[in-house]
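>
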Amino acid sequence: MSLGQNIISELRRIVGDGNVLTEKEDLIPYSFDGTAALQQMPGCVAFATTTDQVVGVLKLAGQTRTAVVTRGSGTGLSGGSLPSPDCIVLCLAKMDKVLELDRANLTLRVEAGATTQAIADAAGAAGLFYPPDPGSLKISTIGGNVAENSGGLRGLKYGVTRNYVMGLEVVLPDGEVLWTGNKCVKDVAGYSLRDLFIGSEGTLGVITRVLLKLIPKPAAQKTLVATFPQMDQAAQTVSDIIAAQVIPCTLEFLDRTTIHCVEDFAKVGLPLDCEALLLMETDGHPGQVADEAAKMESIARQNGAKEVRVARDDAEAAKLATARRSAFSALARVSPTTILEDATVPRSELAKMIRFVAAVAAKHKLRIGTFGHMGDGNLHPTFLTDERNQDEMHRVEEAFKEIFTEAIRLGGTITGEHGIGVSKKSFLPRFAGDAQMRVMRELRRVLDPNGLLNPGKMFDQ
Amino acid sequence: MTPPVSHLKGLDYSVVQQCMHCGLCLPTCPTYDATKIERHSPRGRISLMRAIADGRLDVTRTFADEMYFCLGCLACMSACPAGVNYAELFEHARAEAEFSGVLKSPPRNFIRAFAIRWLFMDLGHLRFVGRILRLYQQLGLQTLVRRSGVLKLLPKRLRELEAFTPDIQPRFSAELIAPVTPAAGRKRYRVAMLTGCAQDLIFSDINRDTVEVLAHNGCEVFTPKKQLCCGSLHAHNGEWGMAQELARKQIEQFPPDQFDAIISNAGGCGSHLKHYHKLLADDPAYHDRAVLWDKKVKDIHEWLMEIGIQPPANHAPPQVVTYHESCHLAHGQKITAQPRQLLKLIPNLKLVELPESTWCCGSAGIYNIVQPEMANKLLDRKLGHLQSTGATVVANGNSGCLLQLINGVKQKGLKVRVVHPITLLAEAYRRG
């Protein structure tokens, strides 16, 4: 450990003795996040429990020129909370209070370490709904969700984390505390700094509190599972549903490999003899739900669905959604290393993109499982590999390059919901272009002139 | 024969690599939930094991302590979509810790030699101690000693442990159960029943109830007077070699080809008993029999629901029952539906769900003895949920949990009966 003893003792003074970890056995478990094949030892881990403590840590970091990497539960999928060498990992998992549920304004104010699940539960208990539902929602923190602008299964109809953030408390790299946003539905005073911090991946400040928008809970919902003999038919079904001006809450797709892995884990009775499966959910007014479900079923059948099954009740629907959320991890059943990406294309280009991904995998002789949020064009091609096989890892890299290039060519993006982090850093300049890169660099330099917050992430200064 | 494999480095690397550290285990881990520190989480522990396998970390005292801070409740295995075999990793990691000697100290060595090697390798020794303890309790000496205040001279920890001393049954299994119990009515199956070690001393009545219920449902039951420990205590405490020795002896005593099923009524034992083929994987003389053995071992609830049982007649008094799941029954053996189905067959019994029913109660083998602080936190959490149900009976299928709950209920002065589901069923049958 090469962090100075003076820094450690000062940290202990700021956050308390028990809230600083320095032993090697404590640091190894913080040397990675949810991203495959990335590891870097931090200098120490500090748990802050108040905004003041975060201020103290950032001031100390500024004075001593020490890098700080903010972390929630470490479930990110682009290496966003991967430590930089000998940095302070500033963990906010213990700062997890739900502060205020405002029933008159339909808002919820929470600390950054509150889990997405705790937020969904707090909203649910008041008959309200917090829609964003990233795969790791049971443990992911809202601070991380905001920093990565996480999506989830309901993005298609309800949008992503950004669409529910009304205000933020952020500690700036120099230790000053900033509040941006409020409970007003309309507010156009000045630049929307709130939007700048959303998705900033811990590079511009440390988010400590979040004011969230809640919406009324939909009165009814219906979940359908459709299976197809060919992947194209599923893609066409999705395009036709959107073209028919039906916007369901969820339109998820799994390919054959993923279906088998998920069923092996979740045992929810997914049909195993098909090439593609669509999990479709509609919610809202009961009449509208019945109508949309009927439309989706008939469109699926017109496109050659072998079977369309309706979930019996809410419990079965919830089981199916949970099973779908396990897809990424479940793919690890068939290979030691699973590397997934989240290339996203306009929905009209879905079928093309899916064919392209399959062709690239074949060309590089790679095993692949593909699943994703088909309704919003956000795919998760996942290569099933072994990080110890260098030759194969190289081919995985080449394949991703081609996939990203194609996504950009089709008018899509290199990441729909996981963020740039370190995984997609090298692709950002080409995607964003010179002008955007210049503005992003200058913004970051203004807020963090010493480059201490999450250095090496998103782009190099 | 090859020497016992207990090194993390000797493990198939794909077992450690299977963990892709997605974090979905975190919310299900009681020690992570209580501390929010990654080292105390499944993926954190696996990362340490992997660091040892990679040679990036030595087996240190801190590592060894961490492996014993883990409850081994296996809730992470139910949560893990990637299918990581945490049970196997955990046993090897504890064996690694023991093998390295980092935890060695004279008192610990003595206790381990006495308990793991002397008491539980030969159950004659255990029964001998049990008889002494029984005499001590029956003659009123325990009450006398407790009242006298002499216990105040003991260190605090020993005093707390003394309060935990279970009540020894007036008669052990061998005095209650014939070596062969014929099936009542038409004989449908021939089964063996494992009476266990601590179970035999403290819950011999549950063993008797189990045999009665089996016989009632057409099973001829074999229960030899002298039986063995299943070896889970040894495997979970890093004594791989002793666990293997006990597994071989079990297979010799109950040749699996001679029985339709080998019945266990303790979730913790059953979970271990079903994995003898892994334990004896390198022993060609036993491997095939171990594979068959694993198939024949059945938890009592699992077996009864599999063969279909006669519902008891409608003479039972009304009772409100909740069900606390043994971790190794729920997470280790994935048996969650059968005990509930069984309870629902009892007339006039209303089953109310226990919140967090699969969350560990802190018993975890001998965890409540070696890690009292965390164990008590978990017990309090469990008792709080128990009270919220309003049930007057809590059913559970594992002797360790039963003891933990009995002690908790006693300490809190709750009017709740702690009972094995099979006892409730046996009582219902007895009422005719």
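For the protein sequence lines, the chains are W and F, in the order given.
Quick note: to get this note's numbering, add 45 to the position in the first sequence (first position is 1).
Quick note: to get this note's numbering, add 1 to the position in the second sequence (first position is 1).
Cβ atoms here follow ideal geometry from the backbone N, Cα and C, with glycine treated the same way.
A quick note: this is a predicted structure, and the numbers were derived from the prediction, not measured.
(1) Less than 6 Å between C-beta atoms, sequence neighbours within five positions excluded: which residues of the same chain meet that for residue 185 of chain W?
(2) So the candidates are W:110, W:230 and W:224; which of them puts its Cα closest to the Cα of residue 149 of chain W?
(3) Between the segment 48 to 69 of chain F and chain W, which residues of the former have CB atoms less than 7 Å from a CB of the latter, in chain order?
(4) State yes or no: is the beta carbon of residue 126 of chain W nearer than 8 Å to at least one beta carbon in chain F?
(5) Step through the CB atoms of chain F and report whether any lies within less than 8 Å of the CB of residue 416 of chain W.
(6) Considering only the alpha carbon of each residue, which of W:92, W:345, W:127 and W:349 lies closest to residue 253 of chain W?
(7) With 8 Å as the C-beta to C-beta threshold (strictly closer), list the residues of the segment 46 to 76 of chain W near chain F in chain order.
(8) Starting from the Cα of residue 82 of chain W, find the closest Cα among W:430, W:331, W:483 and W:393 and give me that residue.
(9) Does the beta carbon of residue 22 of chain F sit closer than 8 Å to a beta carbon anywhere in chain W?
(10) Which residues mark the beginning and the end of the beta strand (DSSP E) in which residue 202 of chain F is found?
(11) Give a yes or no on contact between the segment 449 to 464 of chain W and the segment 123 to 130 of chain W, applying the rule of three or more CB pairs nearer than 8 Å.
(12) Taking the alpha-carbon positions, what's the residue 435 of chain F to residue 305 of chain F distance?
(13) As a quick exercise: from W:356, W:263 and W:204, pick the residue whose alpha carbon is nearest that of residue 269 of chain W.
(14) On a Cα-Cα basis, can you pick out the residue from W:212, W:289, W:398 and W:391 that is closest to residue 276 of chain W?
(15) Please check if any C-beta of chain F sits within less than 8 Å of the C-beta of residue 120 of chain W.
(16) For residue 407 of chain F, which residues of its own chain have a beta-carbon under 7 Å away from its beta-carbon, when the five flanking residues on both sides are left out?
(17) Determine whether the beta carbon atoms of residue 405 of chain F and residue 433 of chain F lie at a separation below 8 Å.
(18) Check whether the Cβ of residue 25 of chain F lies closer than 8 Å to any Cβ atom in chain W.
(19) If you follow the beta strand (DSSP E) that residue 265 of chain F is in, where does it begin and where does it stop?
(20) Which residues of the segment 209 to 226 of chain F have a Cβ closer than 9 Å to any Cβ of chain W? Give them in chain order.
(21) Inspect the beta-carbon positions of residue 296 of chain W and residue 286 of chain W and report whether they are closer than 8 Å.
(22) Consult DSSP for residue 406 of chain F and reduce its assignment to one of helix, strand or coil.
(23) Please list, in chain order, the chain C residues whose beta carbon lies closer than 8 Å to that of residue 184 of chain W.
(24) Determine, using beta carbons only, whether residue 95 of chain W and residue 247 of chain W come nearer to each other than 8 Å.
(25) Taking all protein chains shown into account, do 16 or more other C-beta atoms lie within 10 angstroms of the C-beta of residue 442 of chain W, making it buried, or fewer, making it exposed?
(26) Determine whether the beta carbon atoms of residue 177 of chain F and residue 194 of chain F lie at a separation below 8 Å.
(27) Say whether chain W places a C-beta atom closer than 8 Å to the C-beta of residue 307 of chain F.
(28) In terms of DSSP beta bridges, what is residue 133 of chain W paired with?
(29) Helix, strand or coil for residue 46 of chain W, going by three-state DSSP, please let me know.
(30) DSSP three-state label for residue 124 of chain F, please.
(31) In its own chain, which residues sit with a C-beta less than 6 Å from the C-beta of residue 182 of chain F, not counting the 5 before and 5 after it?
(32) What's the C-alpha gap between residue 98 of chain W and residue 220 of chain W?
(33) Along the segment 417 to 439 of chain W, what residues have a CB closer than 9 Å to any CB found in chain F?
(34) In angstroms with no decimal places, state the Cα-to-Cα distance between residue 126 of chain F and residue 370 of chain W.
(35) Cβ of residue 79 of chain W less than 8 Å from any chain F Cβ?
(36) At which residue ranges does the segment 197 to 234 of chain W contain complete beta strand (DSSP E) runs of 3 or more residues, listed in the order of the chain?
Once the coordinates are examined:
(1) 118, 120, 161 and 179
(2) W:230
(3) 48, 49, 52, 58, 61, 63, 64 and 67
(4) no
(5) no
(6) Put simply, of W:92, W:345, W:127 and W:349 the residue whose alpha carbon is nearest the alpha carbon of residue 253 of chain W is W:92.
(7) 66, 68, 69, 70, 71, 73, 74, 75 and 76
(8) W:430
(9) Contact of residue 22 of chain F with chain W is assigned, a C-beta pair being separated by under 8 Å.
(10) It is not in any beta strand (DSSP E) - residue 202 of chain F instead sits in the alpha helix (DSSP H) that spans 199 to 203.
(11) yes
(12) A query on residue 435 of chain F cannot be resolved here, the shown segment of chain F reaching from 2 to 433 and no further.
(13) Comparing alpha carbon positions, the residue from W:356, W:263 and W:204 closest to residue 269 of chain W is W:356.
(14) Taking only the C-alpha atoms, the option nearest residue 276 of chain W is W:398.
(15) yes
(16) 419
(17) no
(18) Using beta-carbon distances, residue 25 of chain F counts as an interface residue toward chain W, with a partner under 8 Å.
(19) 262 to 265
(20) none
(21) yes
(22) helix
(23) Protein chains W and F are contained in the structure displayed, whereas chain C is not.
(24) no
(25) exposed
(26) Result no, Cβ atoms of residue 177 of chain F and residue 194 of chain F do not sit closer than 8 Å.
(27) no
(28) Per DSSP, W:89 and W:113.
(29) For residue 46 of chain W, the pLDDT reaches just 48, beneath the cut-off of 50, and the residue's location in the model is therefore unreliable, although a value from the coordinates is still provided. Three-state result, residue 46 of chain W: coil.
(30) helix
(31) 212, 216 and 222
(32) 10 Å
(33) 431, 432 and 433
(34) 52 Å
(35) yes
(36) 210 to 216 and 222 to 226
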